[in-house]
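**Q**
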């Protein structure tokens, strides 16, 4: 798996970032008209749409919960999103990411107000370049807020990892493919708890601690961008000049 | 006791609004002694009370609300109405009309696609919505058209003491009925209907910006002089 790549040149990473620097992030809110809430995120080379529908009646019926709504997440990657054509349709990876997304978002939502209902989150990856699940969760939580679903807090997500025995934030594609470890995180900022923690590769205990601290810092940066994106849509001048 | 945000500012979910024992209405969540916004909305702070009016979201049915719905299904003795809420509304034949001669074919009374102005009689424990349309203003809306907006912005269409709706009615001579669920029914001359529809969609878009009535008045004046 490992390849001869120089991950660090003059103390900077392949794409010129510092160790604790995120790739540029841009979030737009309310981009899809048919959806109840939607968002579009550009995170480095990732381009992801997210649409939220609901709360609406849950189908199939046996999934309905009589005391609260259920959350359904679907993650899909377009066949043209990666370098080599991805076989379209559901895959093992897609189902897994859908499941972890649901787990990451559910503790932040207040679903008790809508018994027997369902909230659907659709994450559609148009272009992928490492860290799509984190970008997807970030976009999904913005879209949920845009849909007016009551939430305890927004959920920012961000990855940390290890390349060349050094802990770095937000892996880029080369670092993800040929690096030593990848650690996607989703944070509940107010509770200061993680709702997503996966690990691909090896990390020692100290390295894990270091990666978690770095990841938390990255998540909080993403959190600010999420808040700004939501507010931006309603700032007076922008709407009136349209 | 301190406020961490300004009155009438936009808050995002999870933002801390105040610390201390405040009264709170809706749109907020309490966590230990802090009050936290639970929706994307605008904060209103009045006499130690806090509420957050959501900017987005579906209609939440309340008892006594007047709503406008579309018939989407016919059952043996009732109709299912889509009222923009998470759940379908149920209009039983007993609550629909004053006199019922023939219950053999409900389609003769209300067809699928008919627009009905109804009142919410009850919201059950399992959120089933019981409607009624017996008395005078309620019932089937003939002709006209329905404009859909966000339920959270209905108060802006009505305006302070009905100022906005009065303005629209006076200037365009249209009949307008506003449902609390965000469905608005308009009937009048066709061109006037177009103008009202555009105005209402503009209200929907700019609901959170002050000076709305004046802006709409200006737009109506320019459109009518054309």
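Residue numbers (my numbering), protein chains in the order written: chain A, 8 to 249; chain B, 5 to 230.
From the three backbone atoms N, C-alpha and C, an ideal C-beta is built for every residue, glycine too.
Determine whether the Cβ of residue 180 of chain B lies closer than 7 Å to any Cβ atom of chain A.
**A** As a position in the second chain, residue 180 of chain B is number 176, starting the count at 1. Not one chain A Cβ lies under 7 Å of residue 180 of chain B.
**Q** Kindly indicate which three-state DSSP category residue 182 of chain A falls into: helix, strand or coil?
**A** Indexing the first chain from 1 puts residue 182 of chain A at position 175. Three-state DSSP puts residue 182 of chain A in a helix.
**Q** Classify residue 191 of chain A as helix, strand or coil using the three-state DSSP reduction.
**A** Residue numbering aside, residue 191 of chain A sits at position 184 when the first chain is read from its first letter. Correct three-state label for residue 191 of chain A: strand.
**Q** Provide the residue span of the alpha helix (DSSP H) that contains residue 136 of chain B, from first to last.
**A** Within the second chain, numbered from 1, the residue matching residue 136 of chain B stands at position 132. Looking at the DSSP string, residue 136 of chain B is not in any alpha helix (DSSP H); the run it does join, the beta strand (DSSP E), is 133-136.
**Q** Taking all protein chains shown into account, decide if residue 182 of chain A is buried (16 or more other Cβ within 10 angstroms of its Cβ) or exposed.
**A** Position 175 of the first chain, counted from the first residue, corresponds to residue 182 of chain A. Flag for residue 182 of chain A reads buried.
**Q** Can you pull out the residues from the stretch 99-131 of chain A whose beta carbon lies closer than 7 Å to at least one beta carbon of chain B?
**A** Listed in sequence order: 117, 121, 122, 123 and 124.
**Q** Mind reading off the beta-carbon distance from residue 233 of chain A to residue 145 of chain A? Whole number of angstroms is fine, and I expect it under 8 Å.
**A** Residue 233 of chain A sits at position 226 when you count from the first residue of the first chain. Residue 145 of chain A sits at position 138 when you count from the first residue of the first chain. At roughly 7 Å, the Cβ-Cβ gap stays under 8 Å, so residue 233 of chain A and residue 145 of chain A are in contact.
**Q** Chain A beta carbons: is any one of them nearer than 7 Å to that of residue 43 of chain B?
**A** One-based indexing of the second chain puts residue 43 of chain B at position 39. Cβ-Cβ to chain A under 7 Å: yes for residue 43 of chain B.
**Q** Can you check which of these residues, B/30, B/35 and B/103, is closest to residue 54 of chain B by C-alpha distance?
**A** To locate residue 54 of chain B, count along the second chain from 1; it is residue 50. Ranking the options by Cα distance to residue 54 of chain B, first place goes to B/30.
**Q** Buried or exposed for residue 103 of chain B, please, with buried defined as at least 16 other CB atoms from any protein chain shown within 10 angstroms of its CB.
**A** Mapped onto the second chain, residue 103 of chain B falls at position 99. Counting Cβ neighbours within 10 Å, residue 103 of chain B comes out exposed, since fewer than 16 surround it.
**Q** Can you tell me the Cα-Cα spacing of residue 163 of chain A and residue 11 of chain A, whole angstroms?
**A** Locating residue 163 of chain A in the first chain gives position 156, counting from the first residue. Locating residue 11 of chain A in the first chain gives position 4, counting from the first residue. Rounded to the nearest angstrom, the two C-alpha atoms are 33 Å apart.
**Q** Determine, using beta carbons only, whether residue 134 of chain A and residue 54 of chain A come nearer to each other than 7 Å.
**A** Here residue 134 of chain A is taken as the residue at index 127 of the first chain, counted from 1. Here residue 54 of chain A is taken as the residue at index 47 of the first chain, counted from 1. Yes.
**Q** Under 8 Å: do the stretch 157-168 of chain B and the stretch 187-207 of chain B share three or more Cβ pairs, one atom per stretch?
**A** Judged by Cβ distances under 8 Å, the stretch 157-168 of chain B makes contact with the stretch 187-207 of chain B, as three or more pairs qualify.
**Q** Can you find a CB in chain B that lies within less than 7 Å of the CB of residue 234 of chain A?
**A** To locate residue 234 of chain A, count along the first chain from 1; it is residue 227. Yes, contact with chain B.
**Q** At a CB distance below 9 Å, what residues from the stretch 59-81 of chain A approach chain B? Give them in sequence order.
**A** Flagged, chain order: 61, 62, 63, 64, 73 and 76.
**Q** Residues in its own chain within less than 7 Å of residue 171 of chain A by CB, not counting five upstream and five downstream?
**A** Stepping through the first chain from its first residue, residue 171 of chain A is reached at position 164. Closer than 7 Å at Cβ, skipping near neighbours: 14 and 15.
**Q** Shortest alpha-carbon distance to residue 110 of chain A belongs to which of A/138, A/120 and A/79?
**A** Position 103 of the first chain, counted from the first residue, corresponds to residue 110 of chain A. Nearest option by C-alpha distance: A/79.
**Q** By the criterion of Cβ-Cβ separation under 9 Å, what are the contact partners of residue 131 of chain B in chain A?
**A** Along the second chain, one-based indexing puts residue 131 of chain B at 127. The contacting residues are 121, 122, 123 and 124.
**Q** For the structure I just gave you, are there three or more beta carbon pairs, one from the stretch 138-153 of chain A and one from the stretch 50-70 of chain A, closer than 8 Å?
**A** The answer is yes - the stretch 50-70 of chain A touches the stretch 138-153 of chain A, with three or more Cβ pairs under 8 Å.
**Q** Within 10 angstroms of its Cβ, does residue 30 of chain A collect 16 or more other Cβ (buried), or is it exposed?
**A** As a first step, residue 30 of chain A is located in the first chain; it is residue number 23 there, counting from the start. By the neighbour-count rule (16 or more Cβ atoms within 10 Å), residue 30 of chain A is buried.
**Q** Going by C-alpha distance, which of A/229, A/28 and A/47 is nearest residue 131 of chain A?
**A** Counting from 1 along the first chain, the entry for residue 131 of chain A is found at position 124. Taking only the C-alpha atoms, the option nearest residue 131 of chain A is A/47.
**Q** Would you say residue 241 of chain A faces chain B, with C-beta separation under 7 Å as the test?
**A** Here residue 241 of chain A corresponds to residue number 234 of the first chain, with the count starting at 1. Yes, residue 241 of chain A lies at the interface with chain B (some Cβ there is under 7 Å from its Cβ).
**Q** Counting only C-beta atoms, is residue 212 of chain A closer than 7 Å to chain B at any point?
**A** Numbered from its first residue, the first chain carries residue 212 of chain A at position 205. Output row for residue 212 of chain A: interface = no.
**Q** Measure the beta-carbon distance from residue 200 of chain B to residue 176 of chain B and round it to whole angstroms, keeping in mind my assumption that it falls under 8 Å.
**A** What you label residue 200 of chain B is simply residue 196 of the second chain in a count that begins at 1. What you label residue 176 of chain B is simply residue 172 of the second chain in a count that begins at 1. The pair is a contact, with the Cβ atoms about 5 Å apart (cut-off 8 Å).
**Q** Look up residue 89 of chain B in the DSSP assignment and say whether it is helix, strand or coil.
**A** Counting from one through the second chain, the residue named residue 89 of chain B turns up at place 85. Looking at residue 89 of chain B - three-state DSSP - the assignment turns out to be coil, as it is neither helix nor strand.
**Q** Name, in chain order, the residues that DSSP records as bridge partners for residue 82 of chain A.
**A** By 1-based counting over the first chain, the position of residue 82 of chain A is 75. Residue 82 of chain A is bridged to A/130.
**Q** Tell me, please, whether the CB atom of residue 18 of chain B is closer than 7 Å to any CB atom in chain A?
**A** For the purposes of this step, residue 18 of chain B is identified with residue 14 of the second chain, where counting begins at 1. Judged by the 7 Å Cβ criterion, residue 18 of chain B is in contact with chain A.
**Q** Taking 7 Å as the threshold (beta carbon to beta carbon), is residue 61 of chain B in contact with chain A?
**A** Taking the second chain and counting its residues from 1, one reaches residue 61 of chain B at position 57. Chain A, which has a Cβ nearer than 7 Å to the Cβ of residue 61 of chain B, makes this yes.
**Q** Run down chain B in chain order and give the residues with a C-beta less than 7 Å from the C-beta of residue 152 of chain A.
**A** Counting from 1 along the first chain, the entry for residue 152 of chain A is found at position 145. Under the 7 Å cutoff, chain B gives 16, 17 and 44.
**Q** Could you tell me which residues DSSP puts in a beta bridge with residue 41 of chain B?
**A** Translated into positions along the second chain, residue 41 of chain B becomes position 37. Looking at the DSSP assignment, residue 41 of chain B forms a beta bridge with B/32.
**Q** Would you say residue 58 of chain B reaches chain A, if we count a Cβ-Cβ gap shorter than 7 Å as a contact?
**A** Locating residue 58 of chain B in the second chain gives position 54, where the first residue counts as 1. Yes, residue 58 of chain B lies at the interface with chain A (some Cβ there is under 7 Å from its Cβ).
**Q** Check whether chain A comes within 7 Å of residue 90 of chain B, counting only Cβ atoms and requiring the distance to be less than that.
**A** Taking the first residue of the second chain as position 1, residue 90 of chain B is located at position 86. Yes, contact with chain A.
**Q** Considering just the uninterrupted stretch of the alpha helix (DSSP H) at residue 226 of chain A, what are its terminal residues?
**A** As a first step, residue 226 of chain A must be located in the first chain, where it is residue number 219. Unbroken alpha helix (DSSP H) run through residue 226 of chain A: 212-239.
**Q** My assumption, with CB atoms under 8 Å, is that residue 37 of chain A sits in contact with residue 184 of chain A. Please give the rounded CB distance.
**A** Mapped onto the first chain, residue 37 of chain A falls at position 30. Mapped onto the first chain, residue 184 of chain A falls at position 177. So it is not a contact: roughly 34 Å between Cβ atoms.
**Q** Under the three-state reduction of DSSP, which class applies to residue 109 of chain A: helix, strand or coil?
**A** Numbered from its first residue, the first chain carries residue 109 of chain A at position 102. Reduced to three states, the DSSP call for residue 109 of chain A is helix.
**Q** Quick one: what's got a C-beta closer than 8 Å to residue 37 of chain B's C-beta in the same chain, skipping five residues either side?
**A** In the second chain, residue 37 of chain B corresponds to position 33, counting from 1. So the list reads 23, 24 and 25, once near-sequence residues are dropped.
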